[in-house]
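To convert, note that position 40 of the first sequence is 38 in the numbering used here; the numbers rise steadily by one, no gaps.
Glycine included, each C-beta is placed from N, C-alpha and C at the ideal position.
Heads up, the thing below is written out as structure tokens.
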Amino acid sequence: MNSFPETPRLRFAPSPTGYLHVGGARTALFNWLYARKYGGQFLLRIEDTDKARSTQESTRAIFEGLNWLGLQWDEDVVHQGANVARHRADAIRLLESGHAYRCFCTPAELDQRRQEATARKEAFKYDRRCDSLPDDEVARRVAAGETSVIRFRIPEGETEWTDMVHERIVFPNKDLDDFVILRSDETPIYNLAVVSDDIDMRITVVMRGDDHISNTPKQILLYRALGSPLPTFAHLPMIHGMDGKKLSKRHGATAVGDYQHLGLLPGAMLNFLALLGWSPGGDREVMTVHEMIELFSPEGLQRKAAIFDVQKLEWMNGQHLSLVPLEELEPRVTPAIVAAGLATKASLESRRIWYRELLDLLRVRARTIDDIVRQAGPYFQDEITYDPEAVAKQWKDRAEARAILEAADAALSGLSDWNLGTLEEALRGLAASRGISAGKVFQPLRVALTGLTVSPGIFEVLALMGRDQSLKRIRQAVAELARTN
RNA sequence: GGCGCUAUCGUCUAGGGGACUAGGACGGGGCCCUCUCAAGGCCUAAACACGGGUUCGAAUCCCGUUAGCGCUACCA
-1 MNSFPETPRL RFAPSPTGYL HVGGARTALF NWLYARKYGG QFLLRIEDTD
49 KARSTQESTR AIFEGLNWLG LQWDEDVVHQ GANVARHRAD AIRLLESGHA
99 YRCFCTPAEL DQRRQEATAR KEAFKYDRRC DSLPDDEVAR RVAAGETSVI
149 RFRIPEGETE WTDMVHERIV FPNKDLDDFV ILRSDETPIY NLAVVSDDID
199 MRITVVMRGD DHISNTPKQI LLYRALGSPL PTFAHLPMIH GMDGKKLSKR
249 HGATAVGDYQ HLGLLPGAML NFLALLGWSP GGDREVMTVH EMIELFSPEG
299 LQRKAAIFDV QKLEWMNGQH LSLVPLEELE PRVTPAIVAA GLATKASLES
349 RRIWYRELLD LLRVRARTID DIVRQAGPYF QDEITYDPEA VAKQWKDRAE
399 ARAILEAADA ALSGLSDWNL GTLEEALRGL AASRGISAGK VFQPLRVALT
449 GLTVSPGIFE VLALMGRDQS LKRIRQAVAE LARTN
């Protein structure tokens, strides 16, 4: 037997039959965190042995999702389909060492026996009839070209392991079926392929969804029969939808890509996913990836399935939006602003300082990147569109609104310095001189500047928009109010 | 049906025999701040599935029950 390498080796092994699911992403995350924390390797293996369901497109989606999340794998991607020759050789080895046997039962026959067993309310188990075939008969039938599969013979006894999250799990071998390891077309069955590849890749920690718990005893038996040391197993709980059922399309966005396009930050997604099924202990919630690596420990892994709560995800994203350094936020937001047609990348770069100030102001009240883009409109567009509700509410008395805006124009255009302090002084002074509350001035002004009822503080808006644009908007609003009066 | 896994507020969780009148977070309700909306601060409602043990003492350990989920293919 080989001895394990000093550092842990883990892998994420999705089958390319759809998009990268949030459940898969979380499995990948925990594998990655473990590898990073303990200085090991995180590998990626695409389980594409099911030719009928595997697609190139889906493989690409997995790469994209992982890249977006920043879950970088350490060595070349392994495509399981490229290893069928070894899988086959391992099956033959098992046959020759007496751990497996040829079975000539056809799928149709098996199906019928299975149905009969179900009808009698019995658990179906392969009855091993082909295991007692004499060697010469087996040889003769094979020579005659009769098709057969290779079945693994489950030994007596029981199979147990110490799971990293569940501790001891035991399966009596009598409950295990002599499962097929090589199909009649000589392609490998999942359990064999996985074990063969994990041995070949020298995987020492197998961390996967707990829907694989019942595969584990079979795989352990395969490791032993193949003469290889066992990895440590860790079975993570599933993720469910709000109704407690396994997460599916029915629950809305379940693909990692969906959240990317919804304007989420990968760091927030990772943080949220990490908290589904893991806790650093105590009250810690908002963490950067580096902090997660620091804090990660298998001790904190949860056994219970977690429910995917989009509201908390959005809150988490809002937290990250506010905490992330501006230079990190900028490249995430820029493509969205460009895509919305508000500005070009070059124009944003040419006034980067201003742009970052804007982002800094908008991000506080945004939960997604899309929120930021929505709020950013008035600062980029030449034309202003007045939200009918804003007009109805804040310009209700049109004559009064016009008078206030004209006064604001007078007060502001005389300013020698255009900054937060002078703006506040001028505007509060205006309200005082007219004997009205500050809000009575600020609100109509906000509509004039942004067309909206919601924006950052009015002095910030004025400062950010600049003197020319601000005064232009105010005069435009005055004209608008005069026209329709 | 068989086998397996799981079980603390609506949700994510802290808790690993006494520190528990069970803590935090999301969401809900209220208040404060305030030029709007957020953010932030404060307060509040809300949980140990049930039944037996073990123990001086159980959310914590054991056993049942119940419920949920998973697996039960020549799918992965």
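For residue 228, no beta strand (DSSP E) run applies, since DSSP gives it neither H nor E. In the structure shown, residue 217 adopts helical secondary structure according to DSSP, grouped into three states. Under the three-state reduction of DSSP, residue 380 is assigned to coil, being neither helix nor strand.
Beta-carbon to beta-carbon, residue 197 and residue 149 are separated by about 20 Å, too far to satisfy the 8 Å threshold. Residue 372: member of the alpha helix (DSSP H) spanning 367 to 374, first to last residue. With respect to the C-alpha of residue 186, the residue from 152, 146 and 40 having the closest C-alpha is 146. Counting only residues of its own chain and dropping the five nearest sequence neighbours on each side, residue 459 has a CB closer than 6 Å to the CB of 447 and 453. Contact annotation, residue 235 with residue 169: C-beta distance approximately 19 Å; criterion of less than 8 Å not satisfied.
Within the same chain, 449 and 450 come within 6 Å of residue 385 by CB-CB distance, once the 5 residues on both sides are set aside. Beta-bridge pairing by DSSP links residue 322 to no other residue. Distances from the alpha-carbon of residue 351 to those of 367, 328 and 339 put 328 closest.
The beta carbon of residue 30 sits closer than 6 Å to the beta carbons of 40 and 69 from its chain, once the five residues preceding and following it are set aside; these are given in chain order. Ranked by Cα distance from residue 326, the options 42, 361 and 472 are led by 361. Every beta strand (DSSP E) of 3 residues or more that sits fully in the segment 120 to 182 is shown, in chain order, as 147 to 150, 156 to 161, 165 to 170 and 178 to 180.
Excluding its 5 nearest sequence neighbours in each direction, residue 277 has C-beta neighbours in its own chain below 8 Å: 298 and 300, listed in chain order.
With 16 or more other Cβ atoms inside 10 Å of its own Cβ, residue 392 counts as buried. DSSP links residue 238 through a beta bridge to 244 and 305.
Annotation for residue 77: 44 and 46 place their beta carbon closer than 7 Å to its own, counting only its chain and skipping 5 residues before and after.
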